[in-house]
Amino acid sequence: MHSKKYSLAPSFNWLSHGISLGLLAILLIQPGQAKAASQNDDSPVCVAPGHWQSPQNGSEIKPATLFEDIAKRPVVLLGEAHTSAEHHRWQLQTLAGLFGRNSNMVLGFEAFPRAVQPVLDRWIRGELDEKEFIKLSRWNEVWRYDPDIYMPLFHFARMNRIPMRALNVERDLIQAVRRQGWASLDTNQRQGIGDPLPPSKAYRESLKRVFDMHGDEKDETETPLSLADKGRFESFIEVQTLWDRAMAEAIAQVRTAGGEPVVVAIVGRGHAEYGFGISHQLADLGIDNAAVLLPWDKDLPCDQLKTADGLVIADAVFGVDGPATASGPAHPMLGVQIEAGEKGIRIIKVVENSVAAAAGLEGDDIIVQAAGMKMARTVELVTTIRAMNPGTWLPLVILRDGNRHDVIAKFPMQTKSPKHP
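Position in the sequence shown (first residue = 1) + 36 = our numbering.
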């Protein structure tokens, strides 16, 4: 559910986040390194901005007609590109339309692990301000995307006293599945999650395409997959289906707990597209008519609306003008991929032409101090980077081959809004 590669087609951006969960401090990636797949400027616009459309036949759907139908469904998945302010504005608009027709609603979020549910409850009761909510929900540790573009959704829920539910699981479960495999985990390690329904052939094929794009973890000249790659691919499949299952079970529990609310889930679009992911797992849990609504950036290829086999990407899509990017002032970015290590924060990879590259940082360097403070957890480095202003310098202390070195990371005076986290 959540990014190591950013050159994937928009439909699959969520998977790059899934590949690297637990490894990367996402907000440290340097802006400008990603290139979203898009059509040429003279290509036709598939979905007119400001309009709802049926991917099945291309016909326009009137909002009143759509919301009247969708508000009666047990579950509604609102997909997103996590970094897109425009997508979150669309989610808020859609949420308001649904709420106007069915106020018996619960709002679920991929962004929160279940352990922070009490914090979400306190937020809805009005007991926390924004700063307290972000801190206590471990936002900068778990999710790391810009909270400002999610905050209107949180305020809408609180204003209308719509219960919020945490849909995600703790990272240690995902990491354990990667290391050991799902079958080897005991009941306690599984955190109450049941066995995922195996993915469909079409879903496996889509995941395989994403895996093949992840070139820095395998030799792309090997075709078919080597034995080692087959093992990594199956692990990748297992993690993605577990993620889908965990969120589906959390949604189903809310739906069946009493009162039959419509459960609206704010999730990465890859968990929702084509009836794969969460919808597939919900059907196994007895909820087979979940609705999927998606924003549609005007530069997306038209052939993504419907596959050659007739699978539609969603029940309806809404045309939006903006690309899948964040808006507003950008946070300074260091340009590294990291993980927590025994002695500090280990750099997995340095992004080319980044602040980190200019400072001379290298892969396998261990960051032990930043701004004079000891670094033990990735969230500490993320928070430190976020506090930097454009044009300032950040002193770092690193370990390289066992030796300590002082490094200065120099952030440029102006930073463009990032096209990815």
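Glycine residues also receive a C-beta, built at the ideal position from the N, C-alpha and C atoms.
With 16 other Cβ atoms within 10 Å as the buried cut-off, status of residue i
i	result
T101	exposed
M195	exposed
H191	exposed
I444	exposed
M369	buried
T223	exposed
M449	exposed
D437	exposed
N204	buried
R440	exposed
S220	exposed
Q276	buried
T119	buried
D345	exposed
D333	buried
S315	buried
T428	exposed
A423	exposed
D335	buried
E146	buried
E309	buried
G295	exposed
S242	buried
D442	exposed
G306	buried
A286	buried
Contact set for residue i: own chain, Cβ-Cβ below 7 Å, skip 5 residues either direction
i	result
R109	V298, N325, A326 and A327
A288	L318, L321 and I323
M187	E166
I97	W88, Q89, S90 and A352
R214	S271 and V275
P149	V178, A202, N204, V205 and E206
Closest Cα partner of residue i within the set the options
i	options	result
V356	R197, L131, W126 and L435	W126
V404	G267, E375, W429 and A423	E375
V372	A352, V353 and A393	A393
M283	F312, F272, E296 and E270	F312
A151	L143, R245 and L172	L172
A107	D339, S242, I402 and G133	G133
V415	E166, Y181 and D105	Y181
A301	R291, Y310 and G295	R291
V391	L432, Y186 and M200	L432
R158	A121, T343, A202 and R281	A202
I229	E241, W279 and C338	W279
G86	L113, Q129, D105 and Q227	Q129
R207	V178, D231, I185 and M200	V178
Q216	P234, S242, G267 and K244	G267
V81	G396, I384, A395 and C338	C338
L131	A193, R382, K342 and L156	A193
V482	R305, N389, H307 and R174	A query on residue 482 cannot be resolved here, the shown segment of the chain reaching from 37 to 457 and no further.
A304	L114, D105 and R245	It should be noted that the sequence gives Gly, not Ala, for residue 304. Of the candidates L114, D105 and R245, the one whose C-alpha sits nearest the C-alpha of G304 is L114.
D105	A293, E168, L329 and D231	L329
V83	A293, A286, I381 and Q340	Q340
Bridge partner(s) assigned by DSSP for residue i
i	result
V83	Bridge partners of V83: none, in fact.
E96	Q89
D442	V433
M409	A406
I381	A376 and I403
N204	P149
I302	L114 and F145
D333	V356
V348	K342
A327	V112
V386	V372
Chain-order list of residues whose beta-carbon lies under 8 Å from that of residue i (same chain, five-residue window excluded)
i	result
I170	N176 and P183
T420	A406, A407, M409, M411 and L430
K379	I402, V404 and L435
P99	W88 and G133
Q225	L209 and A212
G377	I402
E398	I383, V386 and R436
Cut-off 6 Å between Cβ atoms - residues of its own chain near residue i, not counting five sequence neighbours on either side
i	result
F247	F269 and F272
I198	M141 and L143
H123	E116, A117 and P331
F239	The amino acid at residue 239 is misidentified as Phe; the sequence shows Tyr. These residues qualify, in order along the chain: F312.
N138	A107 and V298
P234	none
P232	T277, L278 and R281
Residue-level contact to chain D via CB, residue i, 8 Å cutoff
i	result
T414	Of the protein chains in this structure there is only one, and it is not chain D.
Query raised in the report: Between the segment 344 to 352 and the segment 86 to 103, are three or more C-beta pairs nearer than 8 Å?
Result: yes
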